[in-house]
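>
Residue numbers (the working numbering): 842 to 1134.
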């Protein structure tokens, strides 16, 4: 049975595989499709899609090249929680969509400069310009700070960076301005995409709290939720599938692959037991076809 992965990150946010390398790796693993869903950026989509197109044109078995689904993962805030909204099959070339993303980039830049100032006061020689030089073309996240500090000998592990310096409530952490989940759902819809609530189990909400969030998002056009995910146990997956069924939502699934930034978590297979069948993508494409009638 063909397998897919609808939640994947590249070097354009906080992954360690370039967009082109992800295509090669997905082909090596026999995936039929994967969605590139970098955090708040679409900068890797052209590279991945064009690279895959070039492979199809040059290979004698073009069907072995996976479909690259254009996507994004928005970081949003809801009642003090960090909630993520995936957008699948977005039309990322729309100018209005680009304007919104540029605003996100400006917000990130201001936050990153403040964090660098705090880290310098804590005795770590780091500047925003040095981060950009070390991680060119990436949307800088806290994972990049941790990697920088590790590379330059300030810490002994990535975990230490979060525990001592940049984790939530740590002395060098600066919260970033975020949109709401409802705004993210609407942005995905405006781009022609399919909005998905990412990894709901990770928000540690009660069933009642999660259902309230789902109802609010569904009123704005939420189409699905991530019912299959790397860290879910069997009971959690059953619970997410039941929620999707109760609210008539699509099921999505993905590894949340970040390369070596999430050790032990592999593309398509997660921590070893993940499997997202192609039927999940069939249902999403059928939804898009019905919506476009």
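Just so you know, even glycine gets a beta-carbon here, dropped at the ideal spot from N, CA and C.
(1) From 952, 942, 1106, 1005, pick the residue whose C-alpha is nearest to that of residue 1025; which is it?
(2) Compare the C-alpha of residue 967 against each of 978, 949, 1000, 987 and name the closest.
(3) At 4 residues or longer, and completely inside the segment 978–1012: list those alpha helix (DSSP H) runs for me, N to C.
(4) Kindly indicate which three-state DSSP category residue 1040 falls into: helix, strand or coil?
(5) Could you tell me which uninterrupted beta strand (DSSP E) segments, each at least 3 residues in length, are contained entirely in the segment 868–951, listed from first to last along the chain?
(6) Roughly how many angstroms separate the alpha carbons of residue 1102 and residue 983, rounded to a whole number?
(7) Would you mind stating whether residue 1022 and residue 924 have Cβ atoms separated by less than 9 Å?
(8) Between the Cα of residue 1044 and those of 1032, 888, 1054, spot the shortest distance and give me the residue it belongs to.
(9) With residue 1077 as the anchor, note down where its alpha helix (DSSP H) starts and where it stops.
(10) Would you be able to state if there are at least three C-beta pairs under 8 Å between the segment 844–858 and the segment 876–896?
(11) In this structure, does DSSP put residue 1105 in helix, strand or coil?
(12) Do you know how far the Cα of residue 956 is from the Cα of residue 930?
(13) What is the DSSP secondary structure of residue 1125, reduced to helix, strand or coil?
(14) Could you compute how far the alpha carbon of residue 1104 sits from the alpha carbon of residue 1112?
(15) Under a three-way DSSP split, which group does residue 847 fall into?
(16) Which stretch, first to last residue, makes up the beta strand (DSSP E) that contains residue 1091?
(17) Are at least three pairs of beta-carbons, each pair with one atom in the segment 857–872 and one in the segment 911–924, less than 8 Å apart?
(18) Enumerate in chain order the residues of its own chain whose CB-to-CB distance from residue 1027 is below 8 Å, with the five nearest sequence positions on each side excluded.
(19) Which partner residues of residue 1023 appear in the DSSP bridge assignment?
(20) What are the boundary residues of the alpha helix (DSSP H) that residue 971 is part of?
(21) Check residue 1118 in the structure and name its three-state DSSP category.
According to the structure data:
(1) 942
(2) 987
(3) 983–992, 999–1002
(4) coil
(5) 874–877, 908–919, 922–929
(6) 11 Å
(7) yes
(8) 1054
(9) 1075–1087
(10) yes
(11) coil
(12) 34 Å
(13) helix
(14) 9 Å
(15) strand
(16) 1091–1095
(17) no
(18) 1061, 1062
(19) DSSP output for residue 1023 lists no bridge partner at all.
(20) 969–975
(21) strand
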